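Notes for the one structure printed next.
Quick look at the structure:
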């Protein structure tokens, strides 16, 4: 919402690419720190804000060719950012394992208690 307000204040209704760039930045940032569902939901909300307040007026969705292009751009941006984020996460896992093998102390497993003696004997 903040990105939309700032974009409109910067003149996005006359130059809609300003808003679209801001929405792409929001979707990319979300993809880096959240899940797939949250990223796709964020892309959908960003599209609705862009179409409703920049391309349309007063929050009314305007289904125009420009709105379709914005949907494609935000969708591809979300998928690309998710792919990049998952690659980074996958690359970090082996790094943690290497750090563990490099001499960091291992946390021991909890000890198992002695069996309880049978009271019937």
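Residue numbers (my numbering): 638 to 758.
C-beta atoms are modelled at their ideal positions from N, C-alpha and C, and glycine is treated no differently.
For clarity, every value in this text was computed on a predicted model and none was experimentally measured.
So which of the options has the shortest CA-CA distance to residue i?
| i | options | result |
| --- | --- | --- |
| residue 688 | 656, 749, 754 and 721 | 656 |
| residue 667 | 716, 756 and 757 | 716 |
| residue 695 | 641, 654 and 709 | 641 |
| residue 683 | 745, 723 and 709 | 709 |
| residue 706 | 650, 646 and 654 | 654 |
| residue 645 | 693, 671, 665 and 721 | 693 |
| residue 723 | 638, 647, 649 and 672 | 672 |
| residue 712 | 725, 729, 674 and 746 | 674 |
| residue 703 | 757, 650, 638 and 747 | 650 |
| residue 721 | 755, 757, 638 and 665 | 665 |
Verify whether the separation of the beta carbon atoms of residue i and residue j is less than 9 Å.
| i | j | result |
| --- | --- | --- |
| residue 669 | residue 727 | no |
| residue 714 | residue 661 | yes |
| residue 691 | residue 679 | no |
Looking only at its own chain, which residues have a Cβ that is under 8 Å from the Cβ of residue i, when we skip the five neighbours before and after it?
| i | result |
| --- | --- |
| residue 685 | 698 |
| residue 643 | 659 |
Output needed for residue i: all residues of its chain with C-beta closer than 6 Å, excluding positions within five of it in sequence on either side, in chain order.
| i | result |
| --- | --- |
| residue 676 | 667, 668, 715 and 719 |
| residue 701 | none |
query = What are the complete alpha helix (DSSP H) segments, minimum 4 residues, inside the segment 654-708?
reply = 654-670 and 673-686
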